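In terms of my numbering, the sequence shown opens at residue 30 and continues consecutively. Positions of the beta carbon are idealized from the N, C-alpha and C atoms, including for glycine. Because the structure is a prediction, the values reported are computed rather than measured.
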Amino acid sequence: MAKELTARQRADKKWNEKNREHRNYMTKRSTARGFIRNHATKEDLLELQELIEENLKKF
Numbered sequence: 030m031a032k033e034l035t036a037r038q039r040a041d042k043k044w045n046e047k048n049r050e051h052r053n054y055m056t057k058r059s060t061a062r063g064f065i066r067n068h069a070t071k072e073d074l075l076e077l078q079e080l081i082e083e084n085l086k087k088f
């Protein structure tokens, strides 16, 4: 038998559906930060630094 959702679960589901793009952005950002902190090699960091510098020129 399926459980009924609590008010908190309903609110979370509604927020997730309404804010899908923001949620995806936050997930991707978290993944990138975790990679940089825990797995990136020096070569990875140098490549990322170049990409960041290129993107900063857009602003």
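Thinking residue i and residue j are a contact (beta carbons under 8 Å), I'd like their distance in whole angstroms, please.
| i | j | result |
| --- | --- | --- |
| N45 | R39 | Not quite, the Cβ-Cβ distance comes to about 11 Å (not below 8 Å), so this is no contact. |
Quick check on the DSSP output: the alpha helix (DSSP H) that includes residue i runs from which residue to which?
| i | result |
| --- | --- |
| T35 | Premise fails: T35 is in no alpha helix (DSSP H) and is neither H nor E. |
| H51 | 49 to 67 |
| K86 | Run containing K86: none; DSSP gives neither H nor E here. |
Can you give the Cα-Cα distance for residue i and residue j, rounded to whole angstroms?
| i | j | result |
| --- | --- | --- |
| L74 | R66 | 10 Å |
| L85 | E72 | 20 Å |
| T56 | F88 | 24 Å |
When you compare the CB positions of residue i and residue j, do they come within less than 9 Å of one another, or not?
| i | j | result |
| --- | --- | --- |
| A69 | L77 | yes |
| L34 | K42 | yes |
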